[in-house]
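Novice: Heads up: the sequence lines are chains F and C, in that order. The numbering of the first sequence is my numbering, which starts it at 15 and goes up by one. The numbering of the second sequence is my numbering, which starts it at 1340 and goes up by one. Don't be surprised by glycine CBs; every beta carbon is placed ideally from N, CA and C.
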Amino acid sequence: NSKVIQTPRYLVKGQGQKAKMRCIPEKGHPVVFWYQQNKNNEFKFLINFQNQEVLQQIDMTEKRFSAECPSNSPCSLEIQSSEAGDSALYLCASSPWDWGAWEQYFGPGTRLTVL
Amino acid sequence: GDSVTQTEGPVTVSESESLIINCTYSATSIAYPNLFWYVRYPGEGLQLLLKVITAGQKGSSRGFEATYNKETTSFHLQKASVQESDSAVYYCALGSDTGYQNFYFGKGTSLTVIP
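#1: Using a Cβ cut-off of 9 angstroms (strictly closer), state whether C/TYR1377 contacts chain F.
#2: Going by other Cβ atoms of all chains shown within 10 Å of its Cβ, with 16 needed for buried, is F/ASP112 buried or exposed?
#3: Give the single residue among C/GLY1382, C/GLY1434 and C/GLN1386 whose Cα lies nearest to the Cα of C/TYR1407.
#4: Take C/VAL1350 and list the residues in its own chain whose beta-carbon comes closer than 8 angstroms to its own, dropping the five residues that flank it on each side.
#5: Under 8 angstroms by Cβ, that's how I've got C/PHE1444 and F/PHE79 pegged, so tell me the actual separation to the nearest angstrom.
#6: Rounded to whole angstroms, what is the Cα-Cα separation between C/VAL1352 and C/PRO1372?
#7: Can you tell me which of the three DSSP states C/GLY1402 falls into?
#8: Taking the Cβ atom as the reference point for each residue, do F/SER96 and F/CYS37 lie within a distance shorter than 9 angstroms?
#9: Tell me which residues of the stretch 1438-1450 of chain C have at least one Cβ-Cβ distance to chain F shorter than 7 angstroms, keeping chain order.
#10: Using beta carbons (cut-off 9 angstroms, strictly below), is C/ILE1360 in contact with chain F?
#11: Buried or exposed: where does C/ALA1427 fall if 16 or more other Cβ atoms within 10 Å of its Cβ makes it buried?
#12: Select from F/GLN70, F/ASP100, F/CYS106 and F/GLU82 the residue whose C-alpha is nearest the C-alpha of F/LEU126.
#13: If you check the beta carbons only, do C/SER1413 and C/GLU1356 fall under 9 angstroms apart?
#14: What's the call for F/LEU129, buried or exposed, on a 16-neighbour Cβ count within 10 Å?
#15: Is C/ASN1408 close to chain F? Criterion is C-beta to C-beta, closer than 9 angstroms.
#16: Looking only at its own chain, which residues have a Cβ that is under 7 angstroms from the Cβ of F/HIS104, when we skip the five neighbours before and after it?
#17: Distance check for C/CYS1362 and F/PRO39, CA to CA, integer angstroms please.
#18: Would a C-beta distance cut-off of 9 angstroms place F/SER16 and C/LEU1374 closer than the cut-off?
#19: Do you know how far the Cα of F/ILE61 is from the Cα of F/ILE72?
#20: Scan the stretch 1386-1406 of chain C for residues whose Cβ lies nearer than 8 angstroms to a Cβ of chain F and list them as they occur along the chain.
#21: Listed from N- to C-terminal order along the chain, which residues in the stretch 32-48 of chain F have their beta-carbon within a distance smaller than 8 angstroms of any beta-carbon of chain C?
#22: Could you check which residue in C/ASP1436, C/THR1437 and C/HIS1415 has the C-alpha nearest to that of C/TYR1430?
#23: Shorter than 9 angstroms from the beta carbon of C/GLY1434 to some beta carbon of chain F?
#24: Between which two residues does the beta strand (DSSP E) harbouring F/TRP111 extend?
#25: What's the C-alpha gap between C/LEU1389 and F/MET74?
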């Protein structure tokens, strides 16, 4: 079973409010991913890190979303000004990033509801 | 582009019957696709069920198996005899062999096994 920890499990915010969620990847996994899963079960990749460095991110992430993975602290994803369309399950995953082991291990997710 | 299409649910099967969930992929920007099946049991997080990183190979776990077919770009999930405990949502995922690229997920197939 995955040992990726995500907090909080549930988050309720009003429109325009900040929403921040955290992720502790599995020990020894250098690559971390954030995905958004909407109510239609569609996954959208947001951003990924190798150690503390951003590898890839989509435009949406650049504008209202901010994320970081500081050394010796949980990774975080923050929405600066929440919108109704941001209501979704936010999944953090980590990968051992080793030859033949490119799989991702997922946390339980943070379910964000924007009222 | 890169994408995954899988059997639309919900799927209902009687216990001890056989199961197949279809998955096809398109990997236009991924030279060496890696293929995965994930499962989400009720109330739990997304778990890796099985993976295959080499075309022509078969992966298996918990009685499920899937063969990576490069010619038909398919990775169908099969089980000879399902159990009630297999009731869950199953996701097919496409990744690359670089480890830092995001996964592409299907929309999930909800399976209910009737005792």
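Specialist: On the basis of the coordinates in this document:
#1: The residue you call residue 1377 of chain C lines up with position 38 of the second sequence. Yes, C/TYR1377 lies at the interface with chain F (some Cβ there is under 9 angstroms from its Cβ).
#2: Taking the first sequence and counting its residues from 1, the one referred to as residue 112 of chain F is at position 98. It counts as exposed.
#3: Here the question's residue 1407 of chain C lines up with position 68 in the second sequence. When each option's Cα is compared against that of C/TYR1407, the closest is C/GLY1434.
#4: Numbered from its first residue, the second sequence carries residue 1350 of chain C at position 11. Hits under 8 angstroms: LEU1358, ILE1360, THR1448, SER1449, LEU1450 and THR1451.
#5: Position 105 of the second sequence holds residue 1444 of chain C. Position 65 of the first sequence holds residue 79 of chain F. Between F/PHE79 and C/PHE1444 the Cβ distance is about 19 angstroms, and since that is not below 8 angstroms, they are no contact.
#6: Position 13 of the second sequence holds residue 1352 of chain C. Position 33 of the second sequence holds residue 1372 of chain C. Roughly 31 angstroms between the two C-alpha positions.
#7: The residue labelled residue 1402 of chain C in the question sits at position 63 within the second sequence. Three-state result, C/GLY1402: coil.
#8: Along the first sequence, read from residue 1 onward, the residue named residue 96 of chain F stands at position 82. Along the first sequence, read from residue 1 onward, the residue named residue 37 of chain F stands at position 23. No, these two residues do not count as a Cβ contact at 9 angstroms.
#9: GLY1438, TYR1439, ASN1441, PHE1442, PHE1444, LYS1446 and GLY1447
#10: Looking up residue 1360 of chain C in the second sequence gives position 21. No, C/ILE1360 does not count as interfacial toward chain F.
#11: For the purposes of this step, residue 1427 of chain C is taken as residue 88 along the second sequence, with counting starting at 1. Result: buried.
#12: Position 112 of the first sequence, counted from the first residue, corresponds to residue 126 of chain F. The shortest C-alpha separation from F/LEU126 is found at F/ASP100.
#13: For this step, residue 1413 of chain C is matched to residue 74 along the second sequence. For this step, residue 1356 of chain C is matched to residue 17 along the second sequence. Against a cut-off of 9 angstroms, the Cβ pair of C/GLU1356 and C/SER1413 comes out as no contact.
#14: By 1-based counting over the first sequence, the position of residue 129 of chain F is 115. Counting Cβ neighbours within 10 Å, F/LEU129 comes out exposed, since fewer than 16 surround it.
#15: Residue 1408 of chain C sits at position 69 when you count from the first residue of the second sequence. Closer than 9 angstroms: no.
#16: Indexing the first sequence from 1 puts residue 104 of chain F at position 90. Here the sequence assigns Tyr to residue 104 of chain F, which means His is not the residue at that position. Taken in chain order, the residues that qualify are MET35, TRP48, GLN50, LEU91, GLY123, THR124 and LEU126.
#17: Along the first sequence, one-based indexing puts residue 39 of chain F at 25. Along the second sequence, one-based indexing puts residue 1362 of chain C at 23. Cα-Cα distance, rounded: 29 angstroms.
#18: If you number the first sequence from 1, residue 16 of chain F lands on position 2. If you number the second sequence from 1, residue 1374 of chain C lands on position 35. Not a contact, by the Cβ cut-off of 9 angstroms.
#19: Position 58 of the first sequence, counting from 1, holds the residue named residue 72 of chain F. Position 47 of the first sequence, counting from 1, holds the residue named residue 61 of chain F. Roughly 7 angstroms between the two C-alpha positions.
#20: GLN1386, LEU1387, LYS1390 and ILE1392
#21: VAL45 and PHE47
#22: Sequence index remark: in the second sequence, residue 1430 of chain C carries index 91 (1-based). For the residues C/ASP1436, C/THR1437 and C/HIS1415, the minimum Cα distance to C/TYR1430 belongs to C/HIS1415.
#23: Locating residue 1434 of chain C in the second sequence gives position 95, counting from the first residue. It does: the Cβ of C/GLY1434 has a partner Cβ on chain F nearer than 9 angstroms.
#24: Counting from 1 along the first sequence, the entry for residue 111 of chain F is found at position 97. F/TRP111 -> no beta strand (DSSP E), and no H or E assigned at all.
#25: Taking the first residue of the second sequence as 1, we reach residue 1389 of chain C at position 50. Taking the first residue of the first sequence as 1, we reach residue 74 of chain F at position 60. Computed Cα separation, rounded: 31 angstroms.
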